[in-house]
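All residue numbers for the sequence shown refer to this note's numbering, where the first residue is 13 and numbers rise by one. Beta carbons are placed, not taken as given, at the ideal position from N, Cα and C, and that holds for glycine. Worksheet: the structure to be examined is printed underneath.
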Amino acid sequence: LSIPLRNLKVPILGTDPESIDIAEDRERFRDLINQLGLKQPESLTARTKEEALRRAKELGYPLLVRPSYVLGGRAMRIVYEEGELVEYLQEAVEVSYQRPILLDRYLSDSAEVDVDALGDGEDFLIGAVMEHIEEAGVHSGDSAASIPPYTLGKDTVEEIKRQTKLIAKALKVKGLINLQFAVKDGEVYVLEVNPRASRTVPFVSKSIGYSLAKLAAKVCVGRKLRELVPEVFERLEKGNVHYCSDFLPKEWNYYTVKEVVFPWNRFPEVDPLLGPEMRSTGEVMGIDRKFGLAYYKAQLAAGSRLPTEGRVFISVADRDKPKVFGLAKGFLDLGFEVLATAGTYRSLKERGLNVKQVLKVSEGRPNIVDMIKNGEVQAVINTPTGRRARSDAYHIRRATVQQGIPYTTTVRGGYAMLEAIRCYLEHNKSLEVYSLQEVFGEV
């Protein structure tokens with residue numbers, strides 16, 4: 013709406029409509045990122061179905077496909093082969109010169125990062141750098157997130173902050189801006205830039221003790237950041253700032269974890285599989301001095317009590333099998349029994365782990381769904397195998413949701429679950445309560 017409104021001489025507060033269009037128009041955005049010397053996943057635009065299939069072959073699978081100008085990841089999908097792309101083009105979207113679709117190379121096995129920042133056209137401040145728990149490809153609104161990042165090194169976070177300020181300066185941002193990055197093999201890739209408020213602003217504001225929305229509103233009507241938060245600039249000049257946020261002092265030693273709330277129980281036929289299209293309807297937050305305990309608290313707040321004993325079921329796609337050895341071993345070391353279907357069982361057994369094989373739904377009874385319904389399984393880790401081969405996995409995930417059993421559909425989510433349980437057990441199954449007043453009173 014911003015450019016049509018500007019053309020009608022309607023005053024637009026905040027970031028200039030031209031900058032908004034650069035960020036939203038994928039081709040203009042790609043040009044900007046190239047001019048700044050930054051990296052982004054290879055991407056192409058297609059305006060016909062035939063062109064989409066041809067360009068997909070040029071890029072190679074897997075791909076993230078989506079229409080232009082979308083919110084909430086609507087109609088986005090990860091496709092792993094040509095048949096899935098054909099299905100998507102036939103069922104999900106209309107493709108035309110006015111409605112092009114975007115094809116991005118999907119960065120598998122990468123960590124996704126969100127950044128909320130603030131600018132007044134001259135100065136720019138980092139609200140916070142958040143690391144997603146789930147892999148890149150899961151919509152940011154559906155992924156749990158940690159402040160500060162829990163696996164990324166400080167050098168990587170500093171590079172993300174540098175790129176954030178570079179982009180914000182190029183767009184002359186006045187107000188809020190949200191950026192999404194992927195980190196793969198130590199390299200930082202720019203995924204998306206939105207010069208507006210994002211759904212993570214309330215979480216970031218709670219985590220840093222400053223209302224970003226209030227500051228942004230004042231900036232939009234002409235106030236300057238140096239006037240509004242002089243203490244932040246004073247800390248910056250002294251080098252006394254936390255590596256993940258310009259608003260926090262260097263000595264900050266808490267983790268805040270955002271977890272999302274899903275309405276699966278109200279939609280009994282929907283597959284609770286996470287992907288690029290947003291499905292969550294709420295958010296909660298946990299805070300502690302250890303990431304694992306903050307994550308455990310966030311799960312509790314979202315209505316999921318992680319188990320401390322019993323059985324964990326692990327069944328993952330072929331591409332994920334090499335990644336779950338440490339996960340299965342970690343649960344075994346904590347005293348859990350690990351169950352797996354044939355493929356995952358063979359992969360773990362060949363590497364020397366004492367796991368138990370269970371039947372898929374299609375292989376007879378009693379199968380894994382029977383065990384879930386009978387309360388014989390305490391946690392489920394089940395990653396997608398592609399949209400066509402998911403009948404068994406769908407029944408497993410639905411039964412898990414119906415029984416209220418903790419579950420995750422990503423490997424990174426499984427490792428976060430393991431770390432939370434380990435920390436909780438090391439803490440003698442007890443949790444401390446931290447009020448925000450207490451936390452920010454320390455700094």
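Exposed unless 16 or more other CB atoms sit within 10 angstroms - verdict on residue i
i, result
"L430", "buried"
"A354", "exposed"
"L448", "exposed"
"L227", "buried"
"V22", "exposed"
"L13", "exposed"
"Q414", "exposed"
"S152", "buried"
"Q102", "exposed"
"G298", "buried"
"D404", "buried"
First and last residue of the uninterrupted beta strand (DSSP E) at residue i
i, result
"Y267", "Y267 to V273"
"V233", "That residue, V233, is in no beta strand (DSSP E); it is neither H nor E in DSSP."
"S55", "S55 to A58"
"R78", "L75 to P79"
"V391", "In the sequence as presented, Val is not what sits at residue 391; that position holds Ala. Element bounds for A391: A391 to N394."
"M142", "F136 to E147"
"I326", "R323 to S327"
"D382", "Segment I380 to K385 is the alpha helix (DSSP H) holding D382; no beta strand (DSSP E) there."
Whether residue i touches residue j by CB criterion (7 Å)
i, j, result
"S292", "V269", "no"
"L48", "R78", "no"
"G367", "V350", "With the sequence shown as reference, residue 367 is identified as Val, and Gly is not the correct amino acid for it. Yes, Cβ-Cβ distance for V367 and V350 is below 7 Å."
"G187", "V231", "yes"
"A310", "Y267", "no"
"L44", "I34", "yes"
"A194", "L286", "no"
"D247", "V253", "The sequence given here has Arg at residue 247, not Asp. Yes, these two residues count as a Cβ contact at 7 Å."
"K302", "C435", "yes"
"L178", "D116", "no"
"A391", "P319", "yes"
Cβ-based neighbour list, residue i, same chain, cut-off 6 Å, excluding 5 preceding and 5 following
i, result
"L191", "V127, T176 and V205"
"G84", "With a pLDDT of 47 at G84, under the threshold of 50, the modelled position of this residue cannot be trusted; read the value that follows with caution. Contacts found: M290."
"I189", "A129, A180 and P207"
"G468", "In the structure as shown, the chain begins at 13 and stops at 455. Residue 468 is therefore absent and cannot be evaluated."
"Y222", "F259"
"L97", "A68 and V91"
"V185", "T27, G131 and P207"
"K385", "A411"
Best match in the options for proximity to residue i [C-alpha to C-alpha]
i, options, result
"P396", "K333, L448, V202 and L224", "K333"
"A180", "V202, D197 and L20", "V202"
"R331", "R301, L344, T422 and E362", "T422"
"V296", "P319, V233, R363 and R211", "R211"
"A428", "Y100, F259 and E143", "E143"
"I172", "L137, G315, E147 and A156", "L137"
"H407", "T57, T420, Q390 and S374", "S374"
"Y162", "R59, A432, E444 and P214", "A432"
"F245", "R235, G234, Y255 and F259", "F259"
"R174", "I299, S55, Y255 and S31", "Y255"
"L130", "S122, G287, R235 and S55", "R235"
"V169", "E147, V451, V200 and K184", "V200"
"E444", "L65, I145 and G304", "G304"
"F41", "K441, A182 and E124", "A182"
"T412", "H439, V91 and M383", "M383"
"G315", "A68, Y446 and Y419", "Y419"
"S122", "A313, L237 and V150", "V150"
"G165", "G153, R66, D135 and K196", "K196"
"I417", "G387, L437 and A405", "G387"
"A329", "F348, R111 and R358", "R358"
"G453", "W264, P378 and Y308", "W264"
"E321", "G347, E93 and P16", "G347"
Range covered by the alpha helix (DSSP H) that runs through residue i
i, result
"P242", "P242 to K250"
"S219", "V213 to I220"
"S14", "S14 to N19"
"F343", "F337 to D345"
"I32", "P29 to E36"
"Q175", "K166 to A182"
"S155", "S155 -> no alpha helix (DSSP H), and no H or E assigned at all."
"D126", "Here D126 belongs to no alpha helix (DSSP H); instead the beta strand (DSSP E) covers A123 to D132."
"L101", "E94 to E103"
"V423", "V423 to E438"
Contacting residues, own chain, Cβ-Cβ under 8 Å from residue i (five flanking each side not counted)
i, result
"L339", "I326, I393, V423, G426, Y427 and L430"
"I380", "F325, S327, L351, T353, V370, L371, K372, V373, V389 and I408"
"S155", "E124, H144, I145, E146, V272 and L286"
"R363", "F337"
"D135", "K236, L237, R238 and F245"
Neighbourhood of residue i by C-beta distance below 7 Å, restricted to the same chain and skipping five residues each side
i, result
"V233", "L25"
"A140", "D128, I159, V216, S219, I220, C256 and S257"
"D37", "none"
"A401", "Here the model assigns A401 a pLDDT of 45, short of 50, so the residue's position is not dependable and the matter cannot be decided."
Test: residue i CB closer than 7 Å to a CB of chain C
i, result
"V451", "Among the protein chains of the structure shown there is no chain C, as only one such chain exists."
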